[in-house]
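Position 68, counted from 1, in the sequence shown is what UniProt numbering calls 68; the numbers after and before it change by one each time, with no gaps. A virtual CB, placed ideally from N, CA and C, is assigned to each residue, including glycine. Bear in mind that the values here come from a model prediction, so they are computed numbers and not experimental data.
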Amino acid sequence: MVSSIPALLASHIRPDNSAPAQRFTSSGHWVQRSYAELWYLIGSTAAALRALGVRHGDRVAVQLRTRADWSVIDLAAATLGAPLVPIYPTSAPAQVLDIVERTRPVLLIVDALHIVPGLDAGGPAVVRVGAEDGDLGELAAGDDTGAAATPTVGPHDLYSISFTSGSAGKSKGCLLTHGNFAAVVTMAVAAETHPEYGLAHRDIAFVFLPLAHASARLQQLTTFAAGGELVYGHGDTARILEQIAQTGPTYVPGMPRLFESAYLRANRDPLVLRAMFGDRLIYALTGGAPIAPELLAAYAAAGIPLVEGYGSTETSTALTIATPHANRPGTVGRALPGVELRIAGDGEILARGPNMFAGYLDDPEATAQALRDDWFHTGDLGHLDSDGYLTVTGRKKNLIITSTGKNVAPEYAENIFRQTCRLDGVVVAGDNRPYLIALVLAGGHTVDDDELASAARLINSAVSPPERIRKIAVVDRALSRADGELTESGKTVRPTVLAHLRGVVDDIYQGTAPDSVRVIEIVRRPLRHAS
1 MVSSIPALLA SHIRPDNSAP AQRFTSSGHW VQRSYAELWY LIGSTAAALR
51 ALGVRHGDRV AVQLRTRADW SVIDLAAATL GAPLVPIYPT SAPAQVLDIV
101 ERTRPVLLIV DALHIVPGLD AGGPAVVRVG AEDGDLGELA AGDDTGAAAT
151 PTVGPHDLYS ISFTSGSAGK SKGCLLTHGN FAAVVTMAVA AETHPEYGLA
201 HRDIAFVFLP LAHASARLQQ LTTFAAGGEL VYGHGDTARI LEQIAQTGPT
251 YVPGMPRLFE SAYLRANRDP LVLRAMFGDR LIYALTGGAP IAPELLAAYA
301 AAGIPLVEGY GSTETSTALT IATPHANRPG TVGRALPGVE LRIAGDGEIL
351 ARGPNMFAGY LDDPEATAQA LRDDWFHTGD LGHLDSDGYL TVTGRKKNLI
401 ITSTGKNVAP EYAENIFRQT CRLDGVVVAG DNRPYLIALV LAGGHTVDDD
451 ELASAARLIN SAVSPPERIR KIAVVDRALS RADGELTESG KTVRPTVLAH
501 LRGVVDDIYQ GTAPDSVRVI EIVRRPLRHA S
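Now the structure itself:
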């Protein structure tokens, strides 16, 4: 296996390679950048980081939207052996401060328009890049040192500290090494290589998910490892689909929500759907949340192979992958070459391989729980067929995965409701849905709508948009121990409650809640301006 990310990409990111590497929008126009230009920018940005005091092992936090500069900064830090700490651009100030406090980066890189939360003395220096993609701002001052051509890091050096939602509502920092990510990229390239057209699907890959998400970062690295061009999209769904039409990618990875929206915008017409993605598209990949079999069939009818993959941040984002030449609809594909899968006696999916993370940041107990007997315990349930195709059937843990692929630990919101409204019967729902709702099982007790709404706003002020509560539904019944909704110690059994209320939840999302259920819409209050 290759020892580091810079070493892995050196065959393409070099000063004599004029092939296109990146395409992005700047001032409303598409701009193309070659591998030679990317090589130069990585080297000069690494020099700028060194001039700012970044040394081997120092951590660099980045809070930027998906843009070409994100990749430049990522790879520049990698050449220095400085692990990147990605922060979602939508993270609430409290979340940013928490990550900064726990990782202690020397720099926090944001764009020129970003409002940085108050940092304590001794915190990271704030470095700004330009508001437009292609403008490295304060990082553009480095000299041409050729740093990109001389990787100095090894497989055990940290590449990233990537945060993932924890089952107790506290995010956990996954320690991912250069060896982890170099391995998963190498294995992904091997799995994706078609017996006839090789890696032609990677000629023009479109990425729009936040690069703070480890799966988007894997798509970035895999495209560069294949020598393809990476197109950077951003904006709402309508804009993303417009950018796909403009650029004509050969490969589009995305969450199920994108493909659902495109299908509906095409009025379920296969010819219109095919035209939306262009003639050059070879196939698309989805993951991060379940996708309806009907949608997979609809894309197949449109001549677009839509396949699934599976993994987590702890596995450097990938364990299995399906491809047009190795696919069984309804499964998430087969294990990457070099990854072993096993199903435990209780149905949990276990995995091991060179892409398994090094542990959780400052949490040896959680690390020991996740990595047992040389196997990573995914917390997910599933089964393998005789040909090695994996089907994921559910989760042991409580994490909600929205239809946009966001992992949300429900305990934080549930605890706020319980603490501020003195309620025990609160369950947050939103699995495979576009937003979250809070179910309040009042059980004959009087609950105040304003108090509930106030609690929701308190929650929403402290979390990112996908984690916010959009509706509260008051159900006039109590939790039942006899029906398995409460343990003997009085703890709520969330899966059982949600199963019993599945019909009610469906009605709430469809806007047809029965009269017996009181629905409170949470509208964000506008800021009051001084007159």
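Distance between beta carbons of residue j and residue i, contact taken as under 8 Å
i	j	result
V339	N327	Wrong, their Cβ atoms sit about 17 Å apart, outside the cutoff.
P83	Y159	6 Å
P20	E229	4 Å
R268	A298	7 Å
D380	I349	5 Å
A302	G278	Not quite, the Cβ-Cβ distance comes to about 12 Å (not below 8 Å), so this is no contact.
R102	D362	7 Å
Y40	P6	The Cβ separation is near 15 Å, so there is no contact.
R23	T247	7 Å
A112	V96	Not a contact, Cβ separation roughly 17 Å.
Residue i - containing beta strand (DSSP E), residue span
i	result
T331	Segment: none, T331 is in no beta strand (DSSP E) and carries neither H nor E.
Q95	Element bounds for Q95: not the beta strand (DSSP E) but the alpha helix (DSSP H), 93-103.
residue 559	Lying before the first or after the last residue shown, residue 559 is absent from the chain, which here runs from 1 to 531.
F24	20-26
G309	306-310
G232	Residue identity differs from the one stated: residue 232 is Tyr in this sequence, not Gly. First-last of the beta strand (DSSP E) with Y232: 229-232.
D111	107-111
A61	60-62
A302	Unbroken run through A302: none, as it is neither H nor E.
A125	125-129
Cβ-based neighbour list, residue i, same chain, cut-off 7 Å, excluding 5 preceding and 5 following
i	result
A262	L241, L273, M276
V126	L108, V110, V116
L281	P249, T250, V252, I304
H156	T177, G179
L296	L306, P329
G123	V100
H377	E348, L350, A370
Y389	R328, T331, G333, R334
V203	Before going further, note that residue 203 is Asp rather than Val in the sequence given. Taken in chain order, the residues that qualify are G228, E229, T250.
Extent of the continuous alpha helix (DSSP H) run through residue i
i	result
S44	35-51
P6	5-9
A326	From DSSP, A326 is part of no alpha helix (DSSP H); its letter is neither H nor E.
V504	502-510
R55	Neither: R55 is in no alpha helix (DSSP H) and is coded neither H nor E.
V272	270-277
A455	449-462
L241	237-247
E365	364-370
Residues near residue i by beta carbon distance below 8 Å, same chain, minus five either side
i	result
V189	L199, T222, A225, A226
S27	E132
T420	E451, S454, A455, L458
residue 534	The displayed coordinates of the chain run from 1 to 531. Any statement about residue 534 would go beyond what the structure contains.
R55	L80, A82
H529	Interpretation of H529 is limited by its pLDDT of 44, a score under 50 that renders its predicted location unreliable; the figure taken from the coordinates is listed afterwards. The answer is none, since no qualifying residue turns up.
S167	Unreliable placement is indicated for S167, whose pLDDT of 41 sits below 50; the coordinate value is still reported in the next sentence. Around S167: G379, K397, N398, L399, A409, E411.
V447	C421, L423, V440, V474
F259	A284, T286, I291, L295, Y299, L306
D483	T496, H500
G347	L381, G382, H383, T393
S403	M255, P256, R257, E260, A289, N432, R433, P434
For residue i: DSSP bridge partner residues
i	result
G380	According to the sequence displayed, residue 380 carries Asp and not Gly. For D380, which the question treats as bridged, DSSP gives the partners R395.
V426	V440
L486	T492
A351	L341, F376
G254	T286
E138	E138 is not bridged to any residue.
L390	L384
G81	Note: G81 sits in no beta bridge, so no partner.
R518	V474
Y435	Beta-bridge pairing links Y435 to no other residue.
I321	G309, R334
Sequence-distant residues of its chain with Cβ nearer than 6 Å to residue i (five each side left out)
i	result
A214	S162, T313, T317
S11	none
G169	Caution applies to G169, whose pLDDT of 49 falls short of 50 and renders its modelled position unreliable; the value that the coordinates give is listed next. Same-chain partners within the cutoff: A409, E411, Y412.
A335	T320, L341
Q243	G233
A322	V307, E308, G333
G311	T317, A318, L319
P324	Y283, P305
D515	none
L486	L479
*Only counting runs of 4 or more residues, tell me where the alpha helix (DSSP H) segments fall wholly within the region 153-220, in order along the chain.*
178-192
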